[in-house]
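Numbering (full-length UniProt numbering), first residue to last: 1 to 504.
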């Protein structure tokens, strides 16, 4: 054996020793992780890809695979995607522990940054704590009550748009409903009317397309690594969309700051709860006032929260209202009770809905809650485990992501009698008191729940009550089981949200 061969052999042995050493060191660091992971049931895991084959194929196949796994494995169960471990939960007791002890959002949420940046929904815990304290002030009851006037104005505009569908038979309600909720969200969030200017419509189209691209990436796990994603044409498109969104929102923030400085002498906290002009200001106005008045925020941070509100508000409310109208159309007795309640409160006059009216719409609120039970906006909510968390039967290991299936929680027959039946009476105070508080989570739970739930509920009640007062609604869906879903940022029906309307 010559010297060259000896050197090659020595280098080879050295390389193999390094590989073995690194592997053993990594395993020792991860052995606790793998020990805890081994205690969970779940589908078979292949080398390198884990169980990710269940996430391949078209949308229908992915949904079908997820439903199959949810039926096959009892909570909690595990799912591997490559080296990433996911623990799936549907038991209220386990969810309560996780939502109160784990506040970091899962790693996949970082994929939303081109559109949402690090807003309240996706940001790290330290940033979330600081931002939430300020943003809560912009969701106080006086400000929300001031928004009802905007909700009502756009509900009346929606009625005018619906006139075009009176003789069309069944039609897809989602586009026309979402047009209204986009206007509501954009006016309350940024003080702009989305449908009146082409530049505003372009912004909203960019926003929607950006979220579609992000969802596409989330459901195609091999595109998660940035190095691979950057090779795709979608990456370049999303980067361009991100720049356009930031410029649009940045320009509005600049204008709002100028307006604030010009009117600073009348925009003080002392007037916050009483002055009508202040209450009619948008979310961005209030946020700028608070941040200029003591809280140190950059323009980018303000931009992040404005974008988060638009994403969380417009399409989410559009889906809830569309599903609610389908459920009302599917159940005539429910529709009659809603109409009687609304007519008793509003009377024959074509007056606007007020905040006081909304408080009296008790049965309508039960209808909306039952709609959100069957069709939660967020079908799945995640948390990153920054520590080991004991849930009694298992320990969820530090370093994994925990996924809470809200859709399956809300349809669990062990919690809900006849879970696929639409029964608003489930949400009387007496019935609600019988259930675990974490058995119903349309707005998440724990410290990091959605702070906009009152805003969303008030807006949805305003729109639905306005429509039901003017129209009888029907649908060609015969049961909840008829409605199928597609993968999306929010829970969406496959196909059209079909209703028909008849003037009362």
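Backbone N, C-alpha and C define an ideal beta-carbon position, used for all residues, glycine too.
For a quick check, are the C-beta atoms of residue i and residue j less than 8 Å apart?
i           : j           : result
residue 479 : residue 500 : no
residue 364 : residue 467 : no
residue 310 : residue 180 : no
residue 207 : residue 184 : no
residue 391 : residue 172 : no
residue 40  : residue 76  : yes
residue 100 : residue 442 : no
residue 376 : residue 59  : no
residue 50  : residue 81  : yes
residue 461 : residue 361 : yes
residue 79  : residue 42  : yes
residue 249 : residue 307 : yes
residue 371 : residue 492 : no
residue 88  : residue 405 : yes
residue 159 : residue 470 : yes
residue 329 : residue 456 : no
With a CB to CB cut of under 7 Å and the five nearest residues on each side skipped, what residues in its chain are close to residue i?
i           : result
residue 412 : 90, 419
residue 326 : 475, 477, 497, 499
residue 238 : 114, 210, 213
residue 236 : none
residue 333 : none
residue 494 : 484, 485, 486
residue 296 : none
residue 187 : 150, 193, 282
What distance in whole Å lies between the Cβ atoms of residue j and residue i, which are believed to be in contact at a cut-off of 8 Å?
i           : j           : result
residue 490 : residue 316 : 5 Å
residue 505 : residue 174 : Lying outside 1 to 504, the shown extent of the chain, residue 505 is not represented and no answer is given.
residue 335 : residue 427 : About 17 Å separates the two Cβ atoms, so there is no contact after all.
residue 111 : residue 135 : Residue 111 to residue 135, Cβ: 23 Å. No contact.
residue 97  : residue 389 : 6 Å
residue 37  : residue 397 : 6 Å
residue 433 : residue 368 : Contact flag wrong, Cβ pair sits at about 19 Å.
residue 285 : residue 256 : 6 Å
Can you name the start and end residues of the beta strand (DSSP E) that residue i belongs to?
i           : result
residue 62  : No beta strand (DSSP E) holds residue 62; the alpha helix (DSSP H) holding it covers 59-72.
residue 502 : 498-503
residue 380 : 380-384
residue 78  : 77-81
residue 107 : Careful: residue 107 lies outside any beta strand (DSSP E) and carries neither H nor E.
residue 242 : Premise fails: residue 242 lies in the alpha helix (DSSP H), 233-262, not in any beta strand (DSSP E).
residue 402 : 401-405
residue 86  : 84-89
residue 471 : 471-474
Within a Cβ cutoff of 8 Å, which residues of the same chain sit near residue i, ignoring the five residues on either side of it in sequence?
i           : result
residue 415 : 92, 409, 435, 436, 439
residue 153 : 352
residue 276 : Note that residue 276 scores 46 on pLDDT, short of 50, meaning its location in the model is unreliable; the coordinates nonetheless yield the value given after this. Counting only Cβ-Cβ distances below 8 Å, and skipping sequence neighbours, we find 146.
residue 63  : 484, 485, 486, 487
residue 108 : 218, 224, 382, 401
residue 331 : 422
Ignore the nearest five residues each way along the sequence and tell me which others in residue i's own chain have a CB closer than 6 Å to its CB.
i           : result
residue 243 : none
residue 267 : Residue placement at residue 267 is poorly supported in this model, since its pLDDT is 46, which falls under 50; the coordinates still yield a value, given next. Once the five neighbours on either side are set aside, the close Cβ partners of residue 267 are 289.
residue 117 : 304
residue 386 : 104
residue 401 : 86, 106, 382, 384
residue 252 : 190
residue 508 : Residue 508 lies beyond the residue range present for the chain, which begins at 1 and ends at 504; the question has no answer from this structure.
residue 357 : 345
residue 54  : 65
Which residues bound the alpha helix (DSSP H) around residue i?
i           : result
residue 54  : Element bounds for residue 54: n/a, residue is neither H nor E.
residue 506 : Residue numbering for the chain in the displayed model covers 1 to 504; residue 506 lies beyond these limits and cannot be assessed.
residue 391 : From DSSP, residue 391 is part of no alpha helix (DSSP H); its letter is neither H nor E.
residue 121 : Looking at the DSSP string, residue 121 is not in any alpha helix (DSSP H), and its letter there is neither H nor E.
residue 445 : Careful: residue 445 lies outside any alpha helix (DSSP H) and carries neither H nor E.
residue 363 : 362-374
residue 313 : 299-330
residue 292 : 283-292
residue 145 : 141-162
residue 229 : 226-229
residue 112 : No alpha helix (DSSP H) contains residue 112, which DSSP labels as neither H nor E.
**Request:** State whether the stretch 382-389 contacts the stretch 331-350, with contact taken as three or more CB pairs (one from each stretch) at a distance under 8 Å.
**Result:** no
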